[in-house]
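Residue numbering for the sequence shown is 541 to 975, as defined by this note's numbering.
These notes are about the structure you will find just below.
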Amino acid sequence: MVTPPPPPPSAADDAEHRARTADALQRALGSLSTAATQRMESDVAWFRDLSAEDRSWVGFVIQAGIRSFVEWWRHGGEDQPADTLIAGTVFGAAPRALAGVITLQQTVDLVRLAIDVVEANVEPLLEPVDRAAVHAGVLHYGRELAFATARVYARAAELRGAWDARLEALVVDSVVRGDADAEVLSRASALGWGQGRGVCVVVGDVATSRPAPDLVGEVRRRALARVSDVLCAIQGHRLVVVLGGVRREGRPGTDDDGAQPGVLDAAAAVLDQFDDGTVVVGPWVEDLAAAHVSAREAVAAHAVAVAWPDAPRPVHALDLLPERLLAGERGAGAQLLDHVHRPLAEHRSALVETLTTFFAQRSSIEATARALFVHPNTVRYRLAQVAEVTGCTPADPRDGFTLQIALALGRQVVRDGARDGGREGAREELGPTSA
Numbered sequence: 541m542v543t544p545p546p547p548p549p550s551a552a553d554d555a556e557h558r559a560r561t562a563d564a565l566q567r568a569l570g571s572l573s574t575a576a577t578q579r580m581e582s583d584v585a586w587f588r589d590l591s592a593e594d595r596s597w598v599g600f601v602i603q604a605g606i607r608s609f610v611e612w613w614r615h616g617g618e619d620q621p622a623d624t625l626i627a628g629t630v631f632g633a634a635p636r637a638l639a640g641v642i643t644l645q646q647t648v649d650l651v652r653l654a655i656d657v658v659e660a661n662v663e664p665l666l667e668p669v670d671r672a673a674v675h676a677g678v679l680h681y682g683r684e685l686a687f688a689t690a691r692v693y694a695r696a697a698e699l700r701g702a703w704d705a706r707l708e709a710l711v712v713d714s715v716v717r718g719d720a721d722a723e724v725l726s727r728a729s730a731l732g733w734g735q736g737r738g739v740c741v742v743v744g745d746v747a748t749s750r751p752a753p754d755l756v757g758e759v760r761r762r763a764l765a766r767v768s769d770v771l772c773a774i775q776g777h778r779l780v781v782v783l784g785g786v787r788r789e790g791r792p793g794t795d796d797d798g799a800q801p802g803v804l805d806a807a808a809a810v811l812d813q814f815d816d817g818t819v820v821v822g823p824w825v826e827d828l829a830a831a832h833v834s835a836r837e838a839v840a841a842h843a844v845a846v847a848w849p850d851a852p853r854p855v856h857a858l859d860l861l862p863e864r865l866l867a868g869e870r871g872a873g874a875q876l877l878d879h880v881h882r883p884l885a886e887h888r889s890a891l892v893e894t895l896t897t898f899f900a901q902r903s904s905i906e907a908t909a910r911a912l913f914v915h916p917n918t919v920r921y922r923l924a925q926v927a928e929v930t931g932c933t934p935a936d937p938r939d940g941f942t943l944q945i946a947l948a949l950g951r952q953v954v955r956d957g958a959r960d961g962g963r964e965g966a967r968e969e970l971g972p973t974s975a
């Protein structure tokens, strides 16, 4: 004769069964938590290395996890415990800082150990008829708790990423505004900025077709393949990139393998992350504290870059000094004097006179030689010296434009200096130069 299966328990019987087992587990909550903590101390090396405060918080998490299971079991043991409930009741017991002390893998190990301890100690606490159901509930809840753990860490990482992005934008904005004080440097250090020497700032139009997080992440990835440090932020229509670990001098293709790139080489590493248009790189500066100088130059040059439609990409901010002067930037005039006119005026050869005559004779070497009563080779030699001391080739249309602007400015300063009794005082009216 076959014995018929027992009828399924009624709702009242199930509630009574869950209340009975939950009460038994609740009474043993302290002993279960203690057993789990002792197991951690004996079996888990990283737990022993924690500070006393952090070990205490881990104990609270274990206790909260066991208590959360008891309450979940008492109220029906649904198939899918609410993720928000688990995160709030279990991990809400510890401060957020604990997520930076214990890794995700360590937390999963902690959850697994707590479940093992509960399973190993639950049988003496329960009636034989209750043990199988509670065992199944423990396993199910433990799996859900492990998933919730991963989600907690994922959300923490997402929040940290968002916070880092805001902090990075704040640091870059401070650099652009010239407010890179000790607090800003400390914030940059928190973002991973090292102590490497050599910094430049790159400015260009932002590629609006790409999401900002993707753009900033790709800029960082490409930059770190060539330099040691990078900060990046989108400011309206403008993308600003601060690069660290840059060589003072350099042109594309001139740096050795493994060596620090020059400013133009460093900018070329992130060039394709900007929108179409001119990309300007500011001058080299010593460190992040002085990066505002490079930023000021790059921003000023980018604002007038439209006046030079055939500018190379990237272009150095100093190459746009004529356009910056025409736009009314007083400091650009002082830099033109320092970088172009003064080296010509102080040279032992008559470079200013030769260059002035050369432009007046429509760039004809022979006509210049006749006007100066010298041999054409003398003119050629002097023009080569102009290129050497200024970096501008007189026969090149763009360089010739820069030289003519510098000569005109120099004549004004010399005239005003003669009237005012000193050239330097007239030069100071043009504003400060960059470092």
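All C-beta atoms in this analysis are idealised placements derived from N, C-alpha and C, irrespective of residue type, glycine included.
Determine the direct distance from the alpha carbon of residue j to that of residue i, and round the result to whole angstroms.
{"i": "residue 732", "j": "residue 919", "result": "54 Å"}
{"i": "residue 564", "j": "residue 722", "result": "58 Å"}
{"i": "residue 967", "j": "residue 714", "result": "Any reading at residue 967 needs caution, since the residue's pLDDT is 49, under 50, leaving its predicted position unreliable; the model's value is listed next. Residue 967 and residue 714: Cα-Cα distance of roughly 30 Å."}
{"i": "residue 725", "j": "residue 761", "result": "22 Å"}
{"i": "residue 710", "j": "residue 904", "result": "54 Å"}
{"i": "residue 599", "j": "residue 613", "result": "21 Å"}
{"i": "residue 752", "j": "residue 774", "result": "8 Å"}
{"i": "residue 882", "j": "residue 849", "result": "28 Å"}
{"i": "residue 707", "j": "residue 867", "result": "33 Å"}
{"i": "residue 674", "j": "residue 561", "result": "8 Å"}
{"i": "residue 925", "j": "residue 884", "result": "9 Å"}
{"i": "residue 647", "j": "residue 579", "result": "15 Å"}
{"i": "residue 788", "j": "residue 655", "result": "59 Å"}
{"i": "residue 1019", "j": "residue 749", "result": "In the structure as shown, the chain begins at 541 and stops at 975. Residue 1019 is therefore absent and cannot be evaluated."}
{"i": "residue 936", "j": "residue 727", "result": "46 Å"}
{"i": "residue 807", "j": "residue 742", "result": "6 Å"}
{"i": "residue 570", "j": "residue 672", "result": "22 Å"}
{"i": "residue 929", "j": "residue 730", "result": "43 Å"}
{"i": "residue 861", "j": "residue 764", "result": "30 Å"}
{"i": "residue 908", "j": "residue 888", "result": "19 Å"}
{"i": "residue 843", "j": "residue 821", "result": "13 Å"}
{"i": "residue 559", "j": "residue 615", "result": "8 Å"}
{"i": "residue 910", "j": "residue 734", "result": "59 Å"}
{"i": "residue 641", "j": "residue 589", "result": "11 Å"}
{"i": "residue 555", "j": "residue 585", "result": "41 Å"}
{"i": "residue 592", "j": "residue 581", "result": "12 Å"}
{"i": "residue 892", "j": "residue 855", "result": "27 Å"}
{"i": "residue 662", "j": "residue 754", "result": "50 Å"}
{"i": "residue 557", "j": "residue 651", "result": "26 Å"}
{"i": "residue 794", "j": "residue 902", "result": "In this prediction, residue 794 has a pLDDT of 40, which is less than 50 and means its spatial position is unreliable; nothing more can be read from the coordinates."}
{"i": "residue 878", "j": "residue 857", "result": "15 Å"}
Would the beta-carbon of residue i fall within 9 Å of that of residue j?
{"i": "residue 931", "j": "residue 824", "result": "no"}
{"i": "residue 814", "j": "residue 745", "result": "yes"}
{"i": "residue 872", "j": "residue 840", "result": "yes"}
{"i": "residue 899", "j": "residue 947", "result": "yes"}
{"i": "residue 876", "j": "residue 894", "result": "no"}
{"i": "residue 782", "j": "residue 769", "result": "yes"}
{"i": "residue 851", "j": "residue 859", "result": "yes"}
{"i": "residue 767", "j": "residue 785", "result": "yes"}
{"i": "residue 940", "j": "residue 832", "result": "no"}
{"i": "residue 880", "j": "residue 943", "result": "yes"}
{"i": "residue 653", "j": "residue 583", "result": "yes"}
Could you check if residue i is buried or exposed, using at least 16 other CB atoms within 10 Å of its CB as the buried criterion?
{"i": "residue 978", "result": "Residue 978 falls outside the range modelled here, since the chain spans only 541 to 975, and no answer is possible."}
{"i": "residue 492", "result": "For the chain, the structure presents residues 541 to 975; residue 492 sits outside this window and is missing."}
{"i": "residue 869", "result": "buried"}
{"i": "residue 573", "result": "buried"}
{"i": "residue 669", "result": "exposed"}
{"i": "residue 837", "result": "buried"}
{"i": "residue 863", "result": "buried"}
{"i": "residue 777", "result": "exposed"}
{"i": "residue 596", "result": "exposed"}
{"i": "residue 950", "result": "buried"}
{"i": "residue 682", "result": "buried"}
{"i": "residue 897", "result": "buried"}
{"i": "residue 568", "result": "buried"}
{"i": "residue 800", "result": "buried"}
{"i": "residue 805", "result": "buried"}
Would you mind giving the Cβ-Cβ distance between residue i and residue j, rounded to the nearest angstrom? I have them listed as a contact below 8 Å.
{"i": "residue 756", "j": "residue 740", "result": "So it is not a contact: roughly 18 Å between Cβ atoms."}
{"i": "residue 609", "j": "residue 657", "result": "With a Cβ gap of about 12 Å, residue 609 and residue 657 do not count as contacting."}
{"i": "residue 819", "j": "residue 853", "result": "5 Å"}
{"i": "residue 577", "j": "residue 606", "result": "No, residue 577 and residue 606 are not in contact; Cβ-Cβ is about 11 Å, not under 8 Å."}
{"i": "residue 716", "j": "residue 835", "result": "5 Å"}
Based on DSSP bridge pairs, tell me the residues matched to residue i.
{"i": "residue 856", "result": "821"}
{"i": "residue 773", "result": "780"}
{"i": "residue 744", "result": "779"}
{"i": "residue 600", "result": "Note: residue 600 sits in no beta bridge, so no partner."}
{"i": "residue 739", "result": "784, 825"}
{"i": "residue 814", "result": "746"}
Contact criterion: CB-CB distance below 9 Å. Does residue i meet it with respect to chain D?
{"i": "residue 675", "result": "Although the question refers to chain D, the structure presented lacks it and comprises just one protein chain."}
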